[in-house]
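The sequence shown begins at 2 in this note's numbering and counts up one residue at a time. The beta-carbon is built from N, C-alpha and C at its ideal position, and this holds for glycine as well. What follows is one structure encoded as structure tokens, with my remarks underneath.
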Amino acid sequence: MDLKEMRAKLKKSLSETRYIHSLNVMEEAVKLAVHYNADVEKARIAGLLHDCAKNIGKDEEERLVRKYGIVTDDIQRQSSALMHSIIGMYIARDEYGVDDEEILSAIYWHTTGRPGMTLLEKIIFVADYIEPGRNFDVVKRVREYVYEDLDRCILLCTDSTIMYLIQKGKVIHPYTLDTRNDAVLTLSRKTFL
Ligand SMILES: [Fe+2]
Ligand SMILES: [Fe+2]
């Protein structure tokens, strides 16, 4: 499937606002890939498709979990915010014909991140946060660092997410905490260099 076909298919499966968000993330991901010498075409596809499972609904989500034998923990299962990135990887692979492991992994990890993210994973994680449709305060701070230090951006993003989840009384997935701690350790190593 070429990019044009992917866009047409995605447009049909997402709400208008989510589709616009996807295009915005794609554009941000391309800019970041150019700046950081990552694979621009992989960033383009991963950015476009990262939320391809966002609007599938609970029934379809459960059907796909059974179909693929997806193993999830309790925190993931009760949160569509977490499930859509996991299921998105399978939809990108089987419905959009993406067979590139780096792209699929960037989709899989785009919500929580993980320690030791690849450059492409970091780019999609941060691009999702800073696309022009996002306007909360921390986004402005992240944008200040986005062409300087992705790890600093990841720390700002995860700190903000964790504080938001605490304020709302929601659970925090350990991957989010691991991503945040990894960013702190990575930044502290950089200051010692
Ligand atoms: Fe997402
Ligand atoms: Fe997104």
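*ligand 2: which residues have Cβ under 5 Å from any of its heavy atoms, chain order?*
D52 and D129
*Give a yes or no on whether the C-beta atoms belonging to C53 and G89 are separated by under 8 Å.*
Closer than 8 Å, so yes.
*asked:* Is any non-hydrogen atom of ligand 1 found closer than 7 Å to the C-beta of H174, if you look at the structure I gave you?
replied: no
*asked:* Rounding to the nearest angstrom, what Cα-Cα distance links K123 and W110 in this structure?
replied: 9 Å
*Pick out whichever of Y130, L178 and H51 has its Cα sitting closest to the Cα of P116.*
L178
*Output the distance between the C-alpha atoms of E132 and M84, rounded to the nearest integer angstrom.*
21 Å
*Using the rule of at least 16 other Cβ atoms within 10 Å of the residue's Cβ for burial, across every protein chain shown, is K13 buried or exposed?*
Taking a 10 Å sphere around the C-beta of K13, we find fewer than 16 other C-beta atoms and assign the residue as exposed.
_My assumption, with CB atoms under 8 Å, is that L157 sits in contact with V139. Please give the rounded CB distance._
6 Å
*Within 7 Å: the Cβ of K123 and any heavy atom of ligand 1?*
no
*Just reading off the alpha helix (DSSP H) that E28 is part of, what are its end residues?*
E17 to Y37
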